Amino acid sequence: MSHALTRAKSQIVQMAKEPVVLVTLITIVALLGIFILYPLFKVIQLSLMPDGVFSFSVYEYIFAHPRFRGAITNSIMLGAIVATLATAVAYLFAYSISRTKMAGKKAFKILVYLPIIAPPFMFGIAIILLFGNNGLITAGLFNSYNYSVYGLHGLIITQTVGLFPLAYLMLVGILQGIDPDLETCAMNLGASRLRTFFTVTFPLSAPGILAAWLLIFVASMTDFGTPILLGGNFDVLSVQAYLEFTGMGNLPRGAALAVILIIPTIGTFLLQRHILSKRTYTTITGKATRHTADTATPLANGIFFSICLAICLFMLMFYVVIIVCMFIKIWGVNWSFTLEHFVYAWDVSLGVLWNTTLLAAVATPITACISVLIAYFIVRKTFPGKKYVAILSMMMFAVPGTAVGIGYILAFNEGPILLTGTAYIIIACFIFRTMPIGVEASIASLKQISNDIEESSANLGATTAMTFKRITLPLITPAFFASATFTFIRSMTSLSAVIFLISANWNLLTPLLLSQTENLMLAQASITSLILCTTLIIGIYIIKKITKLGQERIFGKTN
Amino acid sequence: MKMINNMINAQSMDKWESADLVLKNIIKQFDDGSGQTVTAVNDLSLTIKKGEFVTLLGPSGCGKTTTLRMIAGFEPVNSGEIHLGGRQIDEVPAFERNMPMVFQSYALFPHLSIFENVAYGLRARKVENKVVKNEVDIALQLVNLVGLEGRYPGELSGGQQQRVALARALVLKPKIILFDEPLSNLDAKLRIQTRLEIKRVQKMLGITAIYVTHDQEEALSMSDQVVVMNKGKIVQVGPPEEIYNRPNSVFVADFIGNANFIDVDVLEVKDKTIVVNLQNQTLEINNSNSYHDIKVGEQVYLSIKPEAVNVTQNEAKFSGNLYSTSFLGANTEYEIEFENIVISSVQKNSESDLKTLTYGSEVSVDFNVDYLQIFRKE
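Here is the structure:
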C-alpha cells in the first residue's frame, strides 16, 4: 500500500515538471467528475432518499407493482429478441461483405449506413405509414383496420432495422481481422467450405458475435423514441421513467426506474468490454494486401446477394414512403398531392433546426478535443488512478440517456452550477454522452502510433506539449474526424437524454419530431426527419473538409 | 572538412561540458502485469569516458535497452544515480537531456519532410530559421543525403531512413549519441557499410556513443569498450580484443565466441597453467582467469572456440566422428561428435580436404592450445 503511494507520488512529481500537463489532467478529471459522476450520484441519491432520509421505499413500491415489474421484464425481453435478430442479420451482412464475392458489395456497404444517420424513430414513422391504423399496407392493401402495429412486434421490427448496422460495423471489423489465410489453409487441408465456416470462421468470430449481441441489447433497452411511439400497451423502463419523472412529477420514482435501467446496461457494458479485450484471435498485421478467401460457391454468392438485397430494399422502402408522405394531403384518407406541409415545416421546423445544428456544431469540436486529450493521457502517460479515469470516460456509453437526462436536471437545477433551461446543459449533455466513442477511437489510433515516435520527439528536445501538437495530433487526425463525426450525428439524432433538458428557448429537432409524430402529423414529421438527415449529410461533409484542411495546414499539401 | 570544424566549434557552446557519463548502482524494476516485480537492471555501475564508443551487448532481456532508456530519460530509475560531468541528471526530463537517440525503428515522423525531421530538434530549441537551414544542410551532407530534403520518410529506402535518423541526432551537436540496435532492420551488406559510416562520423566528431546491440560482430567491430550484460548485470567490460580472447566466464565465452564446452578433470595445477585430461591425453592450458584454489581432480569446463578446432584426415592427437558440414563460403563449419557431445569447428576452406567424407566417419581432431580456456563450474 505504501509502495503504491510512493509510486503515485513520484508519478505526480514527474508530471509537475511540466505544469501544462498536470493542469490539463486536473481539468479533465474535474470535468469528468462534474458532468459524469455527479449527475449519476444525484439520480441514485434521489431514488434512495425520496424524502431526504435514506429508504428503499421507492424500490419496494416499484417491485410491488405489476406495471413496473412488467416494464422491467419487457425491457429485457425486447432487448434480447432485438439483439438476437439484429446480430443475426448483421452477421449475415458482414459475412457477405467480407467473405464472399457477391455482386454489388460497394452499394451494400453504403446502404447499410443509412439507419445510422437516421433519427432514432424515423423508421417508426415509416412503420406507422405502412402498417399503422391508416397504413398503406394494412389499410390500403388488405383493407384491415383491426390490425395494430403498436406493441412488441412493431418495436421488434423497427429496432431491428434501426440497430443492426451498429452490430454490422462491429462484426465486419472482426471478420476482416480474421486472417483469410486461416480459411484457405483449412480448405487446403481438405475441409469443405461449410466445414471451414463452422470450424474456423464462426468460432473465431464468436467473441465478436457475443459482443455485438450485448451492444444491441443495451441499445434496445435504452432506446426511448421507438417505444414511446410504437410501444402501445407494451411498457418499457425508459418510457416509464420518463412518464413518472415528467408526466406524473414523481421524481424519486422516475430516478429509481432510471437506476434500475442503469444496472443491466452497465453490467452488460463491462461484460462486453471484457469479451472484446480477451479477443486475441484477430490478427492485425497492418499489411493491407490480403486476399479474400474464396469461401463461397456461386450459388452461395447468389443467396447472400438476395438476402442483402432484401434487407436493403426493406430499408429503402421506409425511406420511399417517408419521401412520398411529404406530398400527400392526409395519409390513408386523402391521397391527393400537396405542398402545404412544407409551408408548415418552413414555419416551425426551421428555427428548431437552426438551434439543433448550432448546439451540435458547438459540441462537436469540443468533444473531439477532449476525447483526444483523454485518450492521450490514458495511452501515453502514467498517473495515479488512470484506470478509473479510463472507466469513467467510457462509462457514459453504457448509461441510458434517460438516466443522464434525469441526472443533469437534478445536478444542474440549482447552484453552484445552474444550467437548467440554458443551451449549456444541452451542449454538456452532447459532449459527455458522445465522448466515449471519441476516446475509444483515439485510443485505438494512438496505440497504432509507435511509442518510439513520441519518445524520439522528447529525446530531440520537444516538451510534451510540443510533441502533442506537432507529432501526436497530426497523426491521429483520422480518429479526431471519426469522433467529431460521431458526436455530430449522435447529438443531432439523440432523444432520450435531451428530452429532459429542452426548454422553450432551446427546443431540438428530435423532441419536435416526436411531438409531431405523436400528434399524427406524419407528413410534417417526415419532412422534419428528412431535413435532419440532409443536415447530417451536409454536416459530415463539412467536418470532413475542415479536418482535411487542417491536416493540409499541418502536413503541407502532401504527395 | 570545414563544415566539420564548424560543428566542433559550435560544440563548445553547449551548456554541458563534454564529460564522462557515470551510472551508479542503478536498479530498475517493472511490474510484469500480474503484480510480480521483475528486476530488469540490477545494481549496475558503469563509467563511460568521453569520446568513447561503448557497446552494451547481451541477449534479449538482459537489460541493455532498459539501461539505454534510463540514460535517455524514458524510464525513471528506481534507485541509483546517473551523473554527467558531475551533474546528477537522473531527474532531468528526457527533453532536456540533449542525448539524441537513433531508434531501431528509426522513429522518423511520417508526416514531416526529411528537412523537417532533421530540423525537429532545432525547432524545439527555438533556433532561428536561417540557422536551422544551415545546420540541417550540414547534417545532411555528413550522412550523404543532400537533395532529399523535400521527400517524406515513406519514400526513402531503409538505409536512407537510417541515415536521416542519424542526421537528426547529429544536427544537435550532442556530446552523447544513443543507439538502440539501429542496424537490425538493414540487410547484411548495408549493415556493414552503415556500421563503418557510424564509426567514422563518431570518431570524426569526437562524440561519445552508447550503442545497444545483441550482435557480437557489430559490438566487436565498432566498440572501444564492450559491456557484456546478462540478467540485468554487467558480466564483463573491456576492449573487444580482451572480451573475445579472454572471456571471464562461461557466459561470455559462449555468447561472444560461440565456444564449445567439454567437461574435463584437472590433473595438475602449475604456476601459470593447468593440466587437464582429455581422451586420456594431457593438455596444458593457460590459467588465464588466475584460479588459485583449483584442486587436482576437480571437474572443470574446457572452453574451445570453433576456430581453435582443427579437423583433419591426417593423424592427430584426438579423434571424433563427423556429424555435419556446412559450407559458408570462405570457411566451412564442421560439427564433430566428440566425447559424447557435438562440438563445432570453423576452418578456412583452402586447408580443408574433408569434402569426400561421409557423415559418421572418423576424423582426427587437434586443438590450438593458445585459444583454450579453463572455467570453473559454478
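These protein sequence lines map, in sequence, to chains G and H. If you count by this note's numbering, then the first sequence holds residues 248 to 806, one letter each, in order. If you count by this note's numbering, then the second sequence holds residues 80 to 457, one letter each, in order. Beta carbons are placed, not taken as given, at the ideal position from N, Cα and C, and that holds for glycine. Since this is a predicted model, take the numbers as computed values, not measurements.
{"query": "Would you say ARG204(H) faces chain G, with C-beta separation under 8 angstroms as the test?", "result": "yes"}
{"query": "Is there a C-beta anywhere in chain G that falls below 8 angstroms from the one on PRO138(H)?", "result": "no"}
{"query": "Can you list, in chain order, the residues of the segment 702-720 of chain G whose Cβ is nearer than 9 angstroms to any Cβ on chain H?", "result": "GLU702, SER703, SER704, ALA705, ASN706, LEU707, GLY708, ALA709, THR710, THR711, MET713, THR714, ARG717 and ILE718"}
{"query": "For SER184(H), return the contacting residues in chain G, with the cut-off set at a CB-CB distance below 7 angstroms.", "result": "SER697 and ASP699"}
{"query": "Measuring straight from C-alpha to C-alpha, what distance separates MET713(G) and ALA203(H)?", "result": "8 angstroms"}
{"query": "Quick check: GLY226(H) and PHE194(H), are their CB atoms within less than 8 angstroms of each other?", "result": "no"}
{"query": "Consider the Cβ of GLN406(G): report whether some Cβ of chain H lies at a distance smaller than 8 angstroms.", "result": "no"}
{"query": "For a contact meaning CB atoms closer than 7 angstroms, what does VAL264(G) contact in chain H?", "result": "Residue identity check: residue 264(G) is Lys in the sequence provided, not Val. Within chain H, the residues near LYS264(G) are PRO172."}
{"query": "Taking only beta-carbon positions, decide if LEU693(G) is within less than 8 angstroms of chain H.", "result": "no"}
{"query": "Examine chain G for any beta-carbon lying closer than 8 angstroms to the beta-carbon of PHE188(H), and answer yes or no.", "result": "yes"}
{"query": "Go ahead and pull the three-state DSSP assignment for LYS601(G).", "result": "It is worth fixing the name first, because residue 601(G) is Trp in this sequence and not Lys. If DSSP states are grouped into helix, strand and coil, TRP601(G) belongs with the helices."}
{"query": "With a threshold of 7 angstroms, establish whether the CB of SER697(G) neighbours any heavy atom of the ligand NAD.", "result": "In terms of ligand content, the structure shown is empty, and the ligand NAD therefore cannot be addressed."}
{"query": "Under 8 angstroms Cβ-Cβ, which residues of chain H neighbour GLN487(G)?", "result": "Near GLN487(G) there are no residues of chain H at all, since even the closest Cβ is about 45 angstroms away, more than 8 angstroms."}
{"query": "What are the residues in the segment 752-766 of chain G lying within 9 angstroms of chain H by C-beta distance?", "result": "none"}
{"query": "If we require 3 or more residues per run, which beta strand (DSSP E) segments fall completely within the segment 341-394 of chain H?", "result": "352-357, 360-365, 378-383 and 388-391"}
{"query": "PHE397(H) by DSSP, collapsed to three states: which one?", "result": "strand"}
{"query": "Run through the segment 542-587 of chain G for me and flag every whole beta strand (DSSP E) of 3 or more residues, listed as ranges in chain order.", "result": "575-577 and 581-584"}
{"query": "Determine whether the beta carbon atoms of ALA395(H) and VAL444(H) lie at a separation below 8 angstroms.", "result": "yes"}
{"query": "Is there a Cβ from chain H that is less than 8 angstroms from the Cβ of LEU457(G)?", "result": "no"}
{"query": "Apart from the five residues just before and just after PHE561(G), which ones in its own chain have a Cβ nearer than 8 angstroms to its Cβ?", "result": "VAL408"}
{"query": "Tell me the DSSP secondary structure of LYS209(H) in three-state form.", "result": "helix"}
{"query": "Any contact between the segment 354-372 of chain H and the segment 407-415 of chain H? By contact I mean 3 or more CB pairs, one from each, below 8 angstroms.", "result": "no"}
{"query": "State the start and end residues of the unbroken beta strand (DSSP E) segment that holds HIS190(H).", "result": "Unbroken run through HIS190(H): none, as it is neither H nor E."}
{"query": "Starting from LYS107(H), follow its DSSP beta bridges and name the residues at the other end.", "result": "VAL120(H)"}
{"query": "Using a Cβ-Cβ cut-off of 6 angstroms (strictly less than) and excluding sequence neighbours within five positions of PHE315(G), which residues of its own chain qualify?", "result": "ILE309"}
{"query": "With 7 angstroms as the C-beta to C-beta threshold (strictly closer), list the residues of the segment 719-737 of chain G near chain H in chain order.", "result": "PRO721 and LEU722"}
{"query": "Closer than 9 angstroms by beta-carbon distance: list the chain H residues that pair up with GLN771(G), in chain order.", "result": "Those do not exist, as GLN771(G) stays about 48 angstroms from chain H at its closest Cβ, beyond 9 angstroms."}
{"query": "Let me check one thing: in DSSP terms, what residues is LYS312(H) bridge-paired to?", "result": "ASN309(H)"}
{"query": "Can you check which of these residues, VAL210(H), ILE105(H), CYS141(H) and ALA198(H), is closest to GLN167(H) by C-alpha distance?", "result": "ILE105(H)"}
{"query": "So LEU475(G) is in the alpha helix (DSSP H); what residue range does that whole segment cover?", "result": "A small correction: the amino acid at residue 475(G) is Ile; Leu does not occupy that position in the sequence shown. Here the alpha helix (DSSP H) through ILE475(G) covers 472-477."}
{"query": "What's the gap between the Cα of GLY533(G) and the Cα of VAL567(G)?", "result": "Model confidence at GLY533(G) stands at a pLDDT of 38, short of 50, so the residue's coordinates are unreliable and nothing is read from them."}
{"query": "Near SER440(H), which residues of its chain fall below 8 angstroms by C-beta distance, leaving aside the five closest residues on each side in sequence?", "result": "ASN400 and LEU401"}
{"query": "Output needed for LEU422(G): all residues of its chain with C-beta closer than 7 angstroms, excluding positions within five of it in sequence on either side, in chain order.", "result": "ALA341, TYR342, SER345, ARG346 and SER452"}
{"query": "Can you tell me whether LYS268(H) is buried or exposed? The criterion is at least 16 other CB atoms within 10 Å of its CB, across all chains shown.", "result": "exposed"}
{"query": "For the beta strand (DSSP E) that contains HIS162(H), what are its first and last residues?", "result": "158-163"}
{"query": "By Cβ distance, which residues of its chain are closer than 6 angstroms to ALA201(G), with the 5 residues on each side in sequence left out?", "result": "No answer is possible for residue 201(G): the residues shown for chain G start at 248 and end at 806."}
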